[in-house]
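Numbering (the working numbering), first residue to last: 10 to 190.
Backbone N, C-alpha and C define an ideal beta-carbon position, used for all residues, glycine too.
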């Protein structure tokens, strides 16, 4: 029985050596039969048309934009406000670039967020050490039926069903003349 086991082990070792020697030859034969496929040629980058881009920087030299993996120096469309592009840079919003050969022009900013003063918004929260509103003729603050107007002629008008004025310390009302009712 031991002799049979020994001969079986030897036969297995011989078969393994033969298979190992034949394997590379068989792989080469299979590779030779397979059709050779060439990699597809890379698609050319469009040199004309519109493209979405991100602004990388704005300088006196122009606007550096990234279109896909390509960095391009672009100029500003004369009808587009530079402040729109600064906001797009700050917010990371895309811009639309028109390309003609090697030249690129930023033609539009694509807003993704509401802009205070332009779009109707549900709420605006301003926080600053100082806020200044300037108007040549009048500034009006209105909420429902109450309103306050500050006019360039030196007049402040408040209108409401009820006006409450409080002071922790001295409450001064100074005027050449005071008129009640």
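Three-state class that DSSP yields for residue i in the structure shown
i: residue 185; result: coil
i: residue 174; result: coil
i: residue 9; result: The chain is shown only over 10 to 190; residue 9 falls outside these bounds and no answer can be derived.
i: residue 59; result: strand
i: residue 69; result: coil
i: residue 131; result: coil
i: residue 155; result: strand
i: residue 124; result: coil
i: residue 179; result: coil
i: residue 94; result: helix
i: residue 22; result: helix
For residue j and residue i, the rounded distance between their alpha carbons
i: residue 155; j: residue 165; result: 14 Å
i: residue 184; j: residue 163; result: 13 Å
i: residue 80; j: residue 72; result: 10 Å
i: residue 161; j: residue 169; result: 21 Å
i: residue 65; j: residue 76; result: 10 Å
i: residue 178; j: residue 172; result: 19 Å
i: residue 106; j: residue 153; result: 44 Å
i: residue 84; j: residue 182; result: 57 Å
i: residue 109; j: residue 58; result: 7 Å
Buried versus exposed call for residue i [16 or more other C-beta atoms within 10 Å across all chains shown]
i: residue 131; result: exposed
i: residue 133; result: exposed
i: residue 123; result: exposed
i: residue 60; result: buried
i: residue 91; result: exposed
i: residue 62; result: buried
i: residue 101; result: exposed
Which residues DSSP lists as bridging residue i, in chain order
i: residue 164; result: 160
i: residue 114; result: 84, 107
i: residue 75; result: 63, 80
i: residue 147; result: 160
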